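Student:
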Amino acid sequence: MTQEIFLFDTQLFIFINHLPHNSILDIFFGIVTLVGYFGAIWIFIAIFLYIKNKIKYKKMLISVILASFSSFVLSELILKNLIQRQRPQYEINTTILPFDFYHSFSFPSGHACIAFAAALVLSKYNKQKKWLFYLLAFLISFSRIYLGKHYPSDVLAGAILGLIIGKLSFKITSQIMPKPLSTPGVEKRGKS
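Residue 190 in numbering that gives the first Met the number 0 sits at position 191 of the sequence shown; the count goes up by one each step and never skips.
#1: In angstroms with no decimal places, state the Cα-to-Cα distance between residue 79 and residue 107.
#2: Taking the alpha-carbon positions, what's the residue 162 to residue 135 distance?
#3: For residue 103, which residues in the same chain have their Cβ closer than 6 Å to its Cβ, ignoring the five residues on either side in sequence?
#4: Should residue 60 go down as buried or exposed, given a rule of 16 or more other Cβ atoms within 10 Å for buried?
#5: With respect to the alpha helix (DSSP H) encompassing residue 83, which residues constitute its N-terminal and C-terminal limits?
#6: Whose C-beta lies closer than 6 Å to the C-beta of residue 49 among residues of the same chain, with five residues either side of it excluded?
#7: Are the beta-carbon atoms belonging to residue 97 and residue 138 less than 8 Å from one another?
#8: Please specify which runs of the alpha helix (DSSP H), each continuous and at least 4 residues long, are wholly inside the stretch 124 to 189, giving them in chain order.
#9: How many Å lie between residue 260 and residue 68 at the Cα?
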């Protein structure tokens, strides 16, 4: 069974990695992967929203930072070094590798972990833009396979782990930062 899963994972990687490549697609997915490094795009989005509405988004900013940091530590520093799965480029000699930015281990995908953790948190505070956050998380994750840096199972595991971390980060932040009783500058009515 394990062998069959590994074979399917490899075949799916080859299929996605061998989708049409040209300079436009390579640059597009290269940029998508680049903005996903260390959760940069998610921190930027959270700071942008916080600047627009500090009261509404203070908790969200802290939650996104917590989710991104926790995802990075768990996926990049702990799990990758424990599991030590080689990246596809070292196992499959037909891997298309337009760019070669990073040389850590492969499982799980840190990009996917951070992306889905942050997307979940941002979606909790911006339900109308939920599909945009998850689309960005999907594109960042997909780019890792397309660019030859991860197997699909690396990305799937990263995404699942990220969703768990995002949910925990949201809950922790909600517990330690309760909602304000009233909006500053607005008096309660009905009592004098």
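Note that CB positions come from ideal geometry on N, CA and C, so glycine has one too. Predicted model only: the values in this text are computed from it and were never measured.
Tutor: Per the coordinate set shown:
#1: Approximately 6 Å, taken between the alpha carbons.
#2: C-alpha separation (whole angstroms): 14 Å.
#3: Only 79 meet the Cβ criterion.
#4: By the neighbour-count rule (16 or more Cβ atoms within 10 Å), residue 60 is buried.
#5: It is not in any alpha helix (DSSP H) - residue 83 carries neither H nor E in the DSSP assignment.
#6: Within the same chain, Cβ atoms closer than 6 Å to the Cβ of residue 49 are found at 56, 60, the five residues on either side in sequence being excluded.
#7: Against a cut-off of 8 Å, the Cβ pair of residue 138 and residue 97 comes out as no contact.
#8: Counting only runs of 4 or more, we get 129 to 145, 151 to 175.
#9: With the chain represented from 0 up to 191, any question about residue 260 goes unanswered, as that position is not in the structure.
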